Amino acid sequence: GLRAAEGGVAPLMPLGGLSPCVIKVLGVGGGGSNAVDRMLDTAVGGVEFWAINTDAQALGRSKAKGAQVLNIGASVTRGLGAGGDPDVGRLAAEESREEIAAMVAGADLCFVTSGMGGGTGSGAAPVVSETAKESGALTVAIVTKPFAFEGKRRMRQATEAIDRLRKNVDTVIIVSNNKLLDIIPESTPLEASFRVADDILRQGVV
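Each residue of the sequence shown is one higher than the last, beginning at 1 in full-length UniProt numbering.
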């Protein structure tokens, strides 16, 4: 079991243990990396933050925020992203499995955060989660499902990815972006809707 150390937000300490738990937050793909960027804005101590992506430009932004970054699938995507194709995302993660294993090594608890429906998140998050779980970490995935208006293909890709994720994690927490529309006024521009989705991903971890 875990108990909070005295003083509230100190690192979690294993019961009877002296060293704090090693917690890693792994943002996979665009949505996951955005969530990690947000978490860094709200300064959570004692946690290692990683942004994992096939898009080198997006990783540059995460690095600037202070995240550690892992560019996966360099030979598959040449740093240009997965083009919305989960098979490309999966191949990218498979190509970089050794680096992913090194990244999760030593973690007691891994949060894998990702937006489902796109290429990198849908394809790579199950591989990242599987690698984290194989390393012995308690692994929790926090993912968003696409908005309905993003189309049937993205929704199908999200559903398939979540099915794969379930096999590779201890717990999956799913946030439906459509439910967000119930709490966002209709006049809210698209960009803001996605930002709220990122915030909810962040709150799931923090």
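Glycine included, every Cβ here is placed at the ideal spot set by N, Cα and C. Quantities reported herein were computed from a predicted structural model and do not represent experimental measurements.
Sub-8 Å separation of Glu-98 and Leu-70 beta-carbons: In the sequence shown, the residue the question calls residue 98 occupies position 98. In the sequence shown, the residue the question calls residue 70 occupies position 70. No; because the gap between Cβ atoms is not below 8 Å, this pair is not in contact.
Every unbroken alpha helix (DSSP H) inside the segment 103–133 [4 residues or more]: Runs of the alpha helix (DSSP H) inside the segment 103–133: none found.
Stretch pair the segment 128–142 + the segment 101–116: three plus CB contacts closer than 8 Å: By the Cβ rule, the segment 128–142 counts as touching the segment 101–116, because three or more pairs are nearer than 8 Å.
Residues sharing a beta bridge with Gln-68, DSSP: Walking along the sequence shown from the start, residue 68 turns up at place 68. Partner(s): Trp-50.
Residues near Asp-37 in its chain [Cβ-Cβ closer than 6 Å; skip 5 each side]: Locating residue 37 in the sequence shown gives position 37, counting from the first residue. Correct list, in chain order: Ser-62, Lys-65.
Alpha-carbon spacing of Gly-119 relative to Pro-126, whole angstroms: One-based indexing of the sequence shown puts residue 119 at position 119. One-based indexing of the sequence shown puts residue 126 at position 126. Answer to the nearest angstrom: the Cα atoms are 12 Å apart.
Boundaries of the beta strand (DSSP E) in which Gly-27 is found, first to last residue: Looking up residue 27 in the sequence shown gives position 27. Where Gly-27 is concerned, the enclosing beta strand (DSSP E) stretches over 23–28.
Distance between beta carbons of Ala-58 and Gly-27, contact taken as under 8 Å: Reading the sequence shown from its first residue, position 27 is the one you call residue 27. Reading the sequence shown from its first residue, position 58 is the one you call residue 58. Actually they are not in contact, since the Cβ atoms of Gly-27 and Ala-58 sit about 10 Å apart, beyond 8 Å.
Residues sharing a beta bridge with Ala-141, DSSP: Your numbering for residue 141 matches position 141 in the sequence shown. Answer is Val-112, Val-172, bridged to Ala-141.
Assigned exposure category for Leu-91 - 16 Cβ within 10 Å defines buried: The count along the sequence shown starts at 1 and reaches residue 91 at position 91. The residue in question, Leu-91, is buried, as its Cβ has 16 or more Cβ neighbours within 10 Å.
Rounded C-alpha distance that separates Ala-158 from Ile-173: For the purposes of this step, residue 158 is taken as residue 158 along the sequence shown, with counting starting at 1. For the purposes of this step, residue 173 is taken as residue 173 along the sequence shown, with counting starting at 1. Cα to Cα, the separation comes out at about 13 Å.
Proximity below 8 Å, CB of Ala-93 to CB of Ser-135: Start at 1 with the first residue of the sequence shown, and residue 93 comes out as number 93. Start at 1 with the first residue of the sequence shown, and residue 135 comes out as number 135. No. Outside cutoff.
Residue burial classification, Asp-55 (beta-carbon count within 10 angstroms, cutoff 16): Position 55 of the sequence shown holds residue 55. Buried: at least 16 other Cβ atoms inside 10 Å.
Proximity below 8 Å, CB of Lys-167 to CB of Ala-107: Here residue 167 refers to the residue found at position 167 when the sequence shown is read from its first residue. Here residue 107 refers to the residue found at position 107 when the sequence shown is read from its first residue. Not in contact: Lys-167 and Ala-107 (Cβ atoms no closer than 8 Å).
Neighbourhood of Gly-123 by C-beta, 8 Å cutoff - its chain only, sequence neighbours within 5 removed: Residue mapping note: residue 123 aligns to position 123 of the sequence shown, counting from 1. So the list reads Ala-82, Asp-85, Pro-86, Asp-87, Val-88, Gly-89, Arg-90, Leu-91, Ala-92, Ala-93, Ala-161, once near-sequence residues are dropped.
Expected contact under 8 Å - CB spacing of Lys-152 and Gly-117 to nearest Å: Residue numbering aside, residue 152 sits at position 152 when the sequence shown is read from its first letter. Residue numbering aside, residue 117 sits at position 117 when the sequence shown is read from its first letter. Actually they are not in contact, since the Cβ atoms of Lys-152 and Gly-117 sit about 11 Å apart, beyond 8 Å.
First through last residue of the alpha helix (DSSP H) which encompasses Ser-135: Here residue 135 is taken as the residue at index 135 of the sequence shown, counted from 1. Unbroken run through Ser-135: none, as it is neither H nor E.
Nonlocal neighbours in the same chain, by C-beta distance under 8 Å from Leu-80, ignoring five residues either side: Reading the sequence shown from its first residue, position 80 is the one you call residue 80. So the qualifying residues of the chain are Thr-54, Asp-55, Ala-56.
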